[in-house]
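Numbering (UniProt numbering), first residue to last: 1 to 149.
Glycine is no exception: its CB is placed at the ideal position from the N, C-alpha and C atoms.
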Amino acid sequence: MKITDINWQRRTISLTMQKTSYPIELPLLDDIGWVVIDYLKNGRPDTRCNLLFVRHRAPFDAVGENEAFHRELHKYMDAAGIIPPQGVHCGLHSLRSTLARQMLDSNAPLPVISETLGHQNINTTSIYLKIDVEGLRKCALDLEEVFMQ
């Protein structure tokens with residue numbers, strides 16, 4: 001994510017999904033905006049790199065790909081005492097799934113969750129959430145039968 005992906009006036013973050021090249025625009029929530037400002041002013045090393053998140057050891061350039069992220073994620077999970085169940089993989093996919101599940105639990109509409117994850121098809125989001133849409137349709141009550149009783 002580049003610093004220029006943040007539009008402070010419109011309060012949005014514009015990204016292009018790496019896997020699909022699909023562009024998405026997300027709202028920049030106030031809390032997130034303040035955290036980013038604090039990071040830029042007080043936490044981010046002085047560098048010409050245009051990426052928002054950079055290494056904190058020289059050279060101050062792009063953070064490594066998944067391997068470095070995985071290592072850091074597990075370091076902080078260990079420090080927090082979070083022990084995943086045996087055989088459960090923890091990485092970017094699990095963070096995305098957790099975000100989607102928490103949005104659903106907070107009553108966010110499925111299209112909003114889908115857009116946030118950058119999915120072009122809402123069925124992909126249903127897979128992330130492990131929702132069986134067709135199965136749920138079979139369970140739906142016929143409204144005429146319900147109201148006629």
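| query | result |
| --- | --- |
| Coarse secondary structure for Ala80, derived from DSSP in three states | coil |
| CA-to-CA distance, Asn123 to Val36, given in whole angstroms | 32 Å |
| The segment 67 to 84 touching the segment 6 to 25, judged by at least three CB pairs closer than 8 Å | no |
| CB contact flag (Tyr128, Ala100, <7 Å) | yes |
| Endpoints, beta strand (DSSP E) assigned at Ser14 | 12 to 16 |
| Span separating the alpha-carbon of Thr47 from that of Trp8 | 21 Å |
| Neighbourhood of Arg55 by C-beta, 7 Å cutoff - its chain only, sequence neighbours within 5 removed | Asp61, Val63 |
| Member of Asp30, Met1, Tyr39, Pro45 whose CA lies at the smallest distance from the CA of Arg10 | Asp30 |
| Local Cβ density within 10 Å of His93, reported as buried at 16 or more and exposed below that | exposed |
| Residues near Asn50 by beta carbon distance below 8 Å, same chain, minus five either side | Lys2, Ile3, Thr4 |
| Spatial neighbours of Arg96 in its chain, beta-carbon cut-off 8 Å, leaving aside the 5 residues before and after | Leu117, Tyr128 |
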